[in-house]
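Line by line, the protein sequences give chains A and B.
Quick note, our numbering runs 33 ahead of the 1-based positions in the first sequence.
Quick note, our numbering runs 5 ahead of the 1-based positions in the second sequence.
Every residue gets a Cβ at the ideal spot worked out from N, C-alpha and C, and that includes glycine.
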Amino acid sequence: MRIPGFIFLCLPLFSQAEEFSFDLSRYEKPAYELGGYIELFAAHAELKTDSALYNLLPDSTEPFTDNNIYSTQLQLDGLYRFNKSQLRFLYSAETQHTDIASNQNDSLFYELFYSNNYFENLTVDLGKRVQKWGKGYAWNPVGFIERKKDPNDPELSREGYVMLSGDYVRSFNQNLKTLSIMPVIIPVTDDINADFSNIEETNFAAKVYVLYRDIDIDFMFLNEGSRAARAGFDFSSNLSSSFEIHGEFVYIKDENINLLDSSNQIITETKNVTQSLLGFRYLTESEITWIGEYYHNGAGYTEEQLKTFFTLAASDFETNPLLLPLAQQAGQSGYTNINPGKDYLYISAAKKEPFDFVYFNLALNSIINLHDQSYSLTPELSYTGLNNSEMRFRMSFLQGKTFSEFGEKLNDWKFEFRFRYYF
Amino acid sequence: MRSLKYYLLLLTFSQTGFALDGTALLLDIDRRLQPESYEMYRKLINIEPDGDRKEFVLYTVKKGKDNVVALFLDPPSEKGRSSLRQGENMWLYIPNVGKPIRITSLQSVVGGVFNNSDLLRLDYSTEYKVESITEATSGEKTSEYLLKLKARNNSVAYDQLTMWVDKKNKVPVKIEAYAASGLLIKTLHYSKLKDFGNGIVRPAMLETDSPLYKGYKSVMLFDGIKERKFNDEVFTLNYMSKVGELRQ
Numbered sequence: 034m035r036i037p038g039f040i041f042l043c044l045p046l047f048s049q050a051e052e053f054s055f056d057l058s059r060y061e062k063p064a065y066e067l068g069g070y071i072e073l074f075a076a077h078a079e080l081k082t083d084s085a086l087y088n089l090l091p092d093s094t095e096p097f098t099d100n101n102i103y104s105t106q107l108q109l110d111g112l113y114r115f116n117k118s119q120l121r122f123l124y125s126a127e128t129q130h131t132d133i134a135s136n137q138n139d140s141l142f143y144e145l146f147y148s149n150n151y152f153e154n155l156t157v158d159l160g161k162r163v164q165k166w167g168k169g170y171a172w173n174p175v176g177f178i179e180r181k182k183d184p185n186d187p188e189l190s191r192e193g194y195v196m197l198s199g200d201y202v203r204s205f206n207q208n209l210k211t212l213s214i215m216p217v218i219i220p221v222t223d224d225i226n227a228d229f230s231n232i233e234e235t236n237f238a239a240k241v242y243v244l245y246r247d248i249d250i251d252f253m254f255l256n257e258g259s260r261a262a263r264a265g266f267d268f269s270s271n272l273s274s275s276f277e278i279h280g281e282f283v284y285i286k287d288e289n290i291n292l293l294d295s296s297n298q299i300i301t302e303t304k305n306v307t308q309s310l311l312g313f314r315y316l317t318e319s320e321i322t323w324i325g326e327y328y329h330n331g332a333g334y335t336e337e338q339l340k341t342f343f344t345l346a347a348s349d350f351e352t353n354p355l356l357l358p359l360a361q362q363a364g365q366s367g368y369t370n371i372n373p374g375k376d377y378l379y380i381s382a383a384k385k386e387p388f389d390f391v392y393f394n395l396a397l398n399s400i401i402n403l404h405d406q407s408y409s410l411t412p413e414l415s416y417t418g419l420n421n422s423e424m425r426f427r428m429s430f431l432q433g434k435t436f437s438e439f440g441e442k443l444n445d446w447k448f449e450f451r452f453r454y455y456f
Numbered sequence: 006m007r008s009l010k011y012y013l014l015l016l017t018f019s020q021t022g023f024a025l026d027g028t029a030l031l032l033d034i035d036r037r038l039q040p041e042s043y044e045m046y047r048k049l050i051n052i053e054p055d056g057d058r059k060e061f062v063l064y065t066v067k068k069g070k071d072n073v074v075a076l077f078l079d080p081p082s083e084k085g086r087s088s089l090r091q092g093e094n095m096w097l098y099i100p101n102v103g104k105p106i107r108i109t110s111l112q113s114v115v116g117g118v119f120n121n122s123d124l125l126r127l128d129y130s131t132e133y134k135v136e137s138i139t140e141a142t143s144g145e146k147t148s149e150y151l152l153k154l155k156a157r158n159n160s161v162a163y164d165q166l167t168m169w170v171d172k173k174n175k176v177p178v179k180i181e182a183y184a185a186s187g188l189l190i191k192t193l194h195y196s197k198l199k200d201f202g203n204g205i206v207r208p209a210m211l212e213t214d215s216p217l218y219k220g221y222k223s224v225m226l227f228d229g230i231k232e233r234k235f236n237d238e239v240f241t242l243n244y245m246s247k248v249g250e251l252r253q
């Protein structure tokens, strides 16, 4: 009797097979799921003591030249399944110490909502949840109903808004492969979504998604209500197996823009603006992932307008104490927002497993204000080799001339370490 | 239910002296490895040179020729991540990111030897055409077929495959994957033949090594493979955050 070669080949493997096991029963769908992580964070920043934003620190602050930040965070996510429905939540509790400010303790549900899948092609969600729209990595001008992301750390969890949403999806065997429609209702009152806007209204938004041939396209709008009316679209497609392009475009009708006038008072200008983003993701043969994005914000400040603000913020408040509240008010009105300018470039290069070190990831990110040529440079190294954990080391350098965006930031440079243990 | 065509294929290969039909054999291999539409659980074990291990568990569903989605069930740091493939389009959903992003097929998802294409593999006959088929000879042993496969287009992860096939069970024993330059990228060893029920008898273990990752090895264990029908809508971006609900 002949013994198949297959068996011969298997013999040395069977001897090793004993050390591998797979208990499938552990992965049956449970009624409850609970997971999350514990994060330890520490950072040291050298402050730019001659910068405009340093000058805006409260009077009581000691003349620090550096700032240490320590924080601990617990993030829990879970769900409970019942009758083709789920109750889902994302909860965060954080305690933070910084040298230059008082200690902070925050505890809140980022998400807490009921999700119903009674009909196979329709999902209805009710409660507080995050709706992330758009294809951009660093910025999302089409993110009409979400809190702004931090382009320095785009993957950070963000708090959602209370809303009612539906998501109906159909697939087709033609050029139009997928069609989905998502209507959303967002109420704003004194008690609900008060930080969406200070105008109490019931707001309607919608997103229509199509996969046409091999192109993802979304169309979205938000009606006039708590925020100015806006409409836009985004797209994403692979030009080759290693090159992807994406973009977003938004038209906003009657957007309010807060500006400093010649007497350092805030005035509100209303005008129609556009916002757009064009980007790519490219994987080289040496397995470096490049991401590049150009972002135009029609509601952003010009170099001259930012210079006006920084000039005010850099005033000598000891001799002109009345200017301090004006500068602080201007900052809160938009001038100290993340990336308040008009045109930006984001460039990122990331190499997985550099020098064949498995589970390491090396990256270099940069955000450039194209008007004043100031920029941030952020190298980072992360490691995921320890089971259920992730470590990330980061440096941030901010460069720019006087009265430029990154030249007038509080920090000169910063080093940070983040450790997460997942469970 | 197997089609008449499938039985004819089996009959073809049971006739000695009949000319070898590599394309038919490759179709037969695909159907023996898994039904065209199925669900499956896999454990992926990355083994480092010092013996340290990292384990991942994936739940995978597939429909038709080119719709497949894989969800990470373990470890906790990866749980909830899902990857979707529709033909040459691939997307990755990360719970923290909260929306699907387009990815490329050659990116490594979890570190180590496996990349997206390995985790979202389509049928071999969908991605490759047979260039030649011969009977493998090693001394007196002629218990294997040797297939030379060529990628149907340049979006397929590996340009060429050399596949050793067990004659009796019509399943791969060993596969060498080459780049267009002729560089050997990785070698796959199938083993541990197992009856998964409903006529599915196939290897339950796949070991992979690569000259590009000297000393590293990856092992994939298969279980819970069964034929199952899904709605087309399961293979859309909208469903990527809900794939886990398909489990029974």
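Assign residue i to one of three DSSP states: helix, strand, or coil.
i             : result
residue 197/B : strand
residue 414/A : strand
residue 228/B : strand
residue 186/A : coil
residue 291/A : strand
residue 366/A : helix
residue 453/A : strand
residue 219/B : coil
residue 108/B : coil
residue 29/B  : helix
residue 207/A : coil
residue 205/B : coil
residue 214/A : strand
residue 60/A  : helix
Taking only the alpha-carbon atoms, compute the straight-line gap between residue i and residue j and give it to the nearest angstrom.
i             : j             : result
residue 234/B : residue 202/A : 18 Å
residue 47/A  : residue 150/B : With a pLDDT of only 41 at residue 47/A, under 50, the local geometry of the prediction cannot be trusted, and the value read off the model is given with reservation. Distance between the alpha carbons of residue 47/A and residue 150/B: 22 Å.
residue 400/A : residue 425/A : 20 Å
residue 165/A : residue 268/A : 14 Å
residue 11/B  : residue 33/B  : Residue placement at residue 11/B is poorly supported in this model, since its pLDDT is 49, which falls under 50; the coordinates still yield a value, given next. Computed Cα separation, rounded: 8 Å.
residue 420/A : residue 448/A : 25 Å
residue 120/A : residue 322/A : 37 Å
residue 218/B : residue 389/A : 7 Å
residue 64/B  : residue 259/A : 43 Å
residue 274/A : residue 159/B : 8 Å
residue 71/A  : residue 59/B  : 20 Å
residue 108/A : residue 69/A  : 5 Å
residue 387/A : residue 211/B : 26 Å
residue 84/B  : residue 77/B  : 5 Å
residue 354/A : residue 233/A : 36 Å
residue 44/A  : residue 215/B : Interpretation of residue 44/A is limited by its pLDDT of 41, a score under 50 that renders its predicted location unreliable; no figure is taken from the coordinates.
residue 379/A : residue 109/B : 20 Å
residue 56/A  : residue 94/B  : 32 Å
residue 183/B : residue 169/B : 14 Å
Hey, would you say residue i sits closer than 8 Å to residue j, going by beta carbons?
i             : j             : result
residue 133/B : residue 155/B : yes
residue 107/B : residue 318/A : no
residue 139/A : residue 153/A : no
residue 143/A : residue 123/A : yes
residue 375/A : residue 417/A : no
residue 331/A : residue 312/A : no
residue 315/A : residue 377/A : no
residue 194/A : residue 219/A : yes
residue 156/A : residue 200/A : yes
residue 102/B : residue 239/B : no
residue 415/A : residue 398/A : no
residue 221/B : residue 40/B  : no
residue 263/A : residue 255/A : yes
Could you check how far apart the C-beta atoms of residue i and residue j are, in whole angstroms? I think they sit under 8 Å.
i             : j             : result
residue 177/B : residue 196/B : Their Cβ separation, rounded to whole angstroms, is 10 Å, which puts residue 177/B and residue 196/B out of contact at 8 Å.
residue 284/A : residue 307/A : 5 Å
residue 49/B  : residue 225/B : 5 Å
residue 370/A : residue 184/A : Residue 370/A to residue 184/A, Cβ: 12 Å. No contact.
residue 217/A : residue 178/A : 6 Å
residue 443/A : residue 87/A  : 6 Å
At a cut-off of 7 Å, is residue i close to the ligand MG when judged by its beta-carbon and the heavy atoms of the ligand?
i            : result
residue 70/B : You won't find the ligand MG in this model; it holds no ligand whatsoever.
The stretch 331–347 of chain A / the stretch 427–446 of chain A touching (three or more Cβ pairs under 8 Å): yes
Determine contact between the stretch 352–365 of chain A and the stretch 295–302 of chain A, defined as no fewer than three beta-carbon pairs at a distance below 8 Å. yes
Decide if the stretch 93–108 of chain A is in contact with the stretch 56–65 of chain A; the criterion is three or more beta carbon pairs, one per stretch, under 8 Å apart. no
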